[in-house]
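Heads up: the structure comes next, in structure tokens.
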Amino acid sequence: MLRVDTVAGLRAELDRRRADHGGVDPVSQVGFVPTMGYLHDGHESLMHAARADCPIVVASIFVNPLQFGAGEDLESYPTDLAGDSLRAERSGVDLLFVPSADEMYPVPVSTTVSVAGVSSRMEGAARPTHFAGVATVVAKLLNIVGPCRAYFGEKDFQQIAVVRTMVADLSVRAEIVARPTVREADGLARSSRNVYLSDRERAAAPVLYRALRQGALRIAAGETDAEVVRMLMARIIEDEPVARLDYAEVVDSTTLEPLPRCGPGSRLLVAARFGRARLLDNMGVSPASSPDGGV
Ligand code: AMP
């Protein structure tokens, strides 16, 4: 695995490797996994998927200042470049792109990308500048890497909708691949921010998964009133004294619009604070009797 920290360096290396793989379909030959580092099994599952699909695998580690709001955890976001390099290498990454903020952004930043509609609710309401930061950095990274298949985790479900919309609207030559959420044994979604949890908060955090599972089971059992499911999930989370509920929603899985009626195509999304950690999770509803994402 080669580590590269400049845009020019990555492009030169990719040009050379693409030429070596001449004749391969130009979109699918590079698999790309953008991350903010402090890698865990969730990130590694994306790298493994890229490795299985594509002859060239690129991952990036960049803690993107544009997607953090004032007072958020930009300064304290966990980092471990040595550990990340080992994980990326063992997951089959060929090129690890680790740019500095100066390499990525001019000062001041004049051009940003914002995606209306899907950005506005849930995470967009809680963090008003977040998705413009995400859309801007993903647009830049996809332009830097060039035609690729880019892999994203369903753990950040609304982010995938924002990225898909941006890619379609700006005609970016990338195929967006969504992969399932990787969880701990007790259902807690893996997240770099889980490191912020105290023992007590860590013990409480699987309540998000339990709430989603109960909501999905209720829909699978025939409940069609979305408000009933929202209230069920909210009550389960609010009953946990350590958790501070942010939202519990039932939305259309493509538009992310709230639904009055729910069914197998619905997506359940929740967010809550546990001390200084703000955790998200979500779950689909399968037509059969059990919700997806089960442990
Ligand atoms: P992050 O480093 O948190 O920005 O995440 C980088 C990518 O990894 C995003 O596409 C995330 O959705 C994905 N990801 C994070 N946690 C998980 C997880 N538990 N399972 C699957 N994908 C994940």
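When we follow my numbering, the leftmost residue of the sequence shown carries the number 4, and every step to the right adds one.
Where is the CB? At the ideal position from N, CA and C, for every residue including glycine.
*Give every residue of the same chain whose Cβ lies closer than 6 Å to the Cβ of residue 164, excluding the five residues on either side of it in the sequence, and list them in chain order.*
Along the sequence shown, read from residue 1 onward, the residue named residue 164 stands at position 161. The answer, listed in chain order, is 121, 259.
*Taking only runs that begin and end inside the region 151-222, name each unbroken beta strand (DSSP E) of 3 or more residues, in chain order.*
As for any beta strand (DSSP E) of minimum length 3 sitting wholly inside the region 151-222, the runs are 151-156, 177-182, ordered along the chain.
_Taking 8 Å as the cut-off, is the C-beta of residue 49 nearer than that to any heavy atom in the ligand AMP?_
One-based indexing of the sequence shown puts residue 49 at position 46. At a cut-off of 8 Å, the beta-carbon of residue 49 counts as near the ligand AMP: some heavy atom of the ligand is closer than that.
_Does the beta-carbon of residue 158, which I'm using as the reference point, lie nearer than 8 Å to any heavy atom of the ligand AMP?_
Numbered from its first residue, the sequence shown carries residue 158 at position 155. Checking every heavy atom of the ligand AMP against the Cβ of residue 158, one is found closer than 8 Å.
*Mapping DSSP to helix, strand and coil, what is residue 99?*
Reading the sequence shown from its first residue, position 96 is the one you call residue 99. It is a strand residue.
*Neighbourhood of residue 264 by C-beta, 8 Å cutoff - its chain only, sequence neighbours within 5 removed*: Taking the first residue of the sequence shown as position 1, residue 264 is located at position 261. So the list reads 227, 228, 229, once near-sequence residues are dropped.
*Which residue spans inside the region 53-126 form an unbroken alpha helix (DSSP H) run of at least 4?*
Whole alpha helix (DSSP H) segments, 4+ residues: 84-93, 104-107.
*Best match in 239, 150, 247 for proximity to residue 21 [C-alpha to C-alpha]*: Looking up residue 21 in the sequence shown gives position 18. Closest option to residue 21, Cα to Cα, is 150.
*When the Cβ atoms of the region 112-130 are set against those of the region 93-103, are three or more pairs found closer than 8 Å?*
The region 112-130, when compared against the region 93-103, does not touch it at the 8 Å Cβ threshold.
*Answer yes or no: the CB of residue 303 versus the heavy atoms of the ligand AMP, is any distance below 8 Å?*
Missing from the structure shown is residue 303; the chain here goes from 4 to 298 and no further.
*Euclidean distance between Cα positions of residue 255 and residue 249*: Mapped onto the sequence shown, residue 255 falls at position 252. Mapped onto the sequence shown, residue 249 falls at position 246. When the Cα atoms are used, residue 255 and residue 249 turn out to be separated by approximately 19 Å.
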